[in-house]
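To start, the structure under review is shown below, and the notes come after it.
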Amino acid sequence: QARVAPTSRRVPRMRPLFCATSRCACSPLLLWWTSAPQLRTRLGAAAGPAMASASKRPRTSAAAPAESHGVPIAARARLHYSREVDGKRVGRYIGVEDRGELADVHSEHEVELGDARELTPPANVDSRCFELRTHPTAVKDFKNDEEVREVYYPEMIELVKAATGAERVIVFDHTVRDAAASSLNAKQGETAAAVMRVHTDYSDESGPRRVKTLAETGGYTGVKLSEEETKDILSREFCIVNVWRSIKPEPVQSKPLAVLEPSTIDRRDFLRYEMQFAERKGENFALRFNPEHRWYFFPRMEKDECLVFKTWESRTDRPRYCFHTAFEDLDQPADAPPRSSIEVRTVALMPKTPM
C-alpha cells in the first residue's frame, strides 16, 4: 500500500463539520476529508495509484452531496441525560416531601452541537419539530404578568399560527427564566431557573391530559378552558408548541437552548419522568443517552428572534417530540452575560378534516 511521503509543510487546520443528515453514516474523518479539496489533492498526489484508485470508487449515498451536508460545530457541552435507579421511578417531587419512590439522577455526556442557522433547507416545526422566526415584540416588561397576557399572548398566537398552520391557538402559560433563580418551577410573578436536563414537556398521556386539566382547574396564569373548548380540542389533531425568547438586549451567550434532531431518536430510549406535586401528578419524557443523537442550537439569539418548538404532537405521520435542554458551552467566554428568557406554552388546533 502506498504511503504518504513525509512533509515539513504544516497541514492547515480544517473547520470542523457536523453531519446534519439524520441517518448519515459519515465519520468525522470523512467529513474532514470531503471538506478539504486542496489538502485532498496534495495528499492524493503523494499517495500515488492506491489513493487515486480509491478516489474513483462510487461514493455511498450517505456521503453524496444531495443527501449529506455539513454545518459548523457551534459549541461543545456536557448534556444531562436521565438515568434509572434500581427500585425507583424516574422523576422528582415538587413542593412535597420526598417519599423515596422517585429519583432524579443524571449522567453527563459531552456532545458537539451543530449551528442550526446553517441547516439547508432551514428547519421548520413540521420537518424537525423546531424553527427560528424573527418576531419583534411590543412588551416592555416581561416580569409584568398582566402586560405579558395582554400584549405577548396575542403576539404568540399569531406566531404559532404562522409556524404550524393552526386554525386556533390557545396560550395557556408562560415562564420567565433567569440565571439568578434556583427553582425549576416558578409560581406566578416569580422567575425560574434554566432546565439543564434533556426532556420534552409532555408524554403521550400527559399531552391530552393537560388539555383536560385546563378545563377542570385552569392554568396557573389564570387561563381556563370551557367544557366545549376541551371537547373541540380533543376532537381535532393538535400539538403543544412552546416559544422561547431572550428578553435581554444583548445576544444569548450563556445557557442557550439546544434541540435534538428528532429522526435520531430511538423510542426505546424514552423514559417516563414523573413530577409529583401536592395536588396532581405531571409527566413528561426524559431520554437515555444515545451516541446517535444529533444536537443543534441557534447561536447568539437576539431579542427579536423566537425559537418555536413542538413538545408534543397528536399526529403520528410526522416528528412529534422536540427534546431540548439548556446547556453550558464548554468554550463560553468568562464574561458572558447571564441569560434571561421567556417561554410560552400553547395548544395549536389544526383545521378539522372533512369526514
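Note that the working numbering gives residue 260 to position 200 of the sequence shown, counting from 1, and the numbers run on in steps of one.
In this text, a Cβ means the ideal position worked out from N, Cα and C, and glycines have one as well.
Predicted model, so just to flag it, every value in this text is computed and none were measured.
Unbroken beta strand (DSSP E) run spanning residue i, endpoints
| i | result |
| --- | --- |
| ARG237 | 228 to 238 |
| ILE402 | 400 to 409 |
| PRO182 | Here PRO182 belongs to no beta strand (DSSP E), and DSSP marks it neither H nor E. |
| MET335 | 330 to 336 |
| GLY151 | 149 to 153 |
| GLU191 | 190 to 194 |
| ALA318 | 317 to 320 |
| ALA198 | No beta strand (DSSP E) holds ALA198; DSSP gives it neither H nor E. |
| LYS341 | 341 to 347 |
| PRO132 | 130 to 143 |
| TYR356 | 355 to 357 |
Pairwise C-alpha distance: residue j and residue i
| i | j | result |
| --- | --- | --- |
| VAL231 | ASP175 | 29 Å |
| ARG270 | GLU352 | 31 Å |
| VAL258 | TYR381 | 12 Å |
| GLU210 | VAL404 | 13 Å |
| GLY342 | PHE298 | 19 Å |
| ARG354 | LYS272 | 34 Å |
| THR371 | TYR262 | 6 Å |
| VAL165 | THR413 | 43 Å |
| HIS140 | PRO322 | 18 Å |
| TYR153 | LEU320 | 26 Å |
| VAL220 | VAL368 | 8 Å |
| VAL407 | MET216 | 11 Å |
| PRO379 | GLU373 | 8 Å |
| SER306 | ASP233 | 17 Å |
| THR324 | HIS384 | 13 Å |
| ASN350 | SER142 | 12 Å |
| ARG360 | PRO311 | 5 Å |
| ARG136 | LEU317 | 13 Å |
| ARG375 | GLU365 | 27 Å |
| LYS284 | GLU172 | 41 Å |
| GLU227 | ASP292 | 12 Å |
| THR197 | ARG159 | 44 Å |
Residue i - containing alpha helix (DSSP H), residue span
| i | result |
| --- | --- |
| ASP175 | No alpha helix (DSSP H) contains ASP175, which is instead part of the beta strand (DSSP E) from 165 to 175. |
| SER306 | First-last for SER306: 298 to 306, but that is the beta strand (DSSP E), not the alpha helix (DSSP H). |
| TYR213 | 213 to 224 |
| ALA254 | Note, ALA254: premise wrong, no alpha helix (DSSP H); not H, not E. |
Beta-carbon contacts of residue i that lie in its chain and below 8 Å, excluding the five residues immediately before and after
| i | result |
| --- | --- |
| PRO393 | GLN313 |
| VAL156 | GLN336, PHE337 and ALA338 |
| PRO182 | GLU191 and LEU192 |
| ASP395 | none |
| GLU289 | ILE230 and ALA275 |
Environment of residue i [buried if 16+ CB atoms lie within 10 Å]
| i | result |
| --- | --- |
| LEU390 | exposed |
| ARG188 | buried |
| SER400 | buried |
| THR260 | buried |
| ARG73 | Residue confidence is low: ARG73 scores 39 on pLDDT, short of 50, so the model does not pin down where it sits. Its coordinate-derived value is still stated next. Classification of ARG73: exposed, given that the 10 Å Cβ count is below 16. |
| LYS148 | exposed |
| GLY151 | buried |
| PRO132 | exposed |
| LYS315 | buried |
| ALA222 | exposed |
| VAL145 | exposed |
| GLY225 | exposed |
| GLU161 | exposed |
| LEU294 | exposed |
| GLU334 | buried |
| THR416 | There is simply no residue 416 to check, as the chain begins at 61 and stops at 415 in what is shown. |
Spatial neighbours of residue i in its chain, beta-carbon cut-off 7 Å, leaving aside the 5 residues before and after
| i | result |
| --- | --- |
| PRO309 | LYS363 |
| PHE330 | PHE345 and LEU347 |
| VAL199 | GLU207, VAL208, VAL211 and TYR212 |
| ARG296 | LEU409, MET410 and LYS412 |
| ASP264 | none |
| ASN204 | none |
| GLY267 | ILE300 and TRP372 |
| HIS169 | ARG138, LEU139, TYR141 and PHE349 |
| ASP186 | ARG378 |
| PHE202 | VAL208, VAL236, ILE307 and ILE402 |
Contact set for residue i: own chain, Cβ-Cβ below 6 Å, skip 5 residues either direction
| i | result |
| --- | --- |
| TYR213 | VAL231 |
| ALA163 | VAL145 and LYS148 |
Any non-hydrogen atom of the ligand PLP closer than 7 Å to residue i Cβ
| i | result |
| --- | --- |
| LEU162 | For the structure depicted, the ligand PLP is absent and the ligand set is empty, with no information on it obtainable. |
May I have a chain-ordered list of the beta strand (DSSP E) segments no shorter than 3 residues that lie completely inside the stretch 367 to 396? 384 to 386
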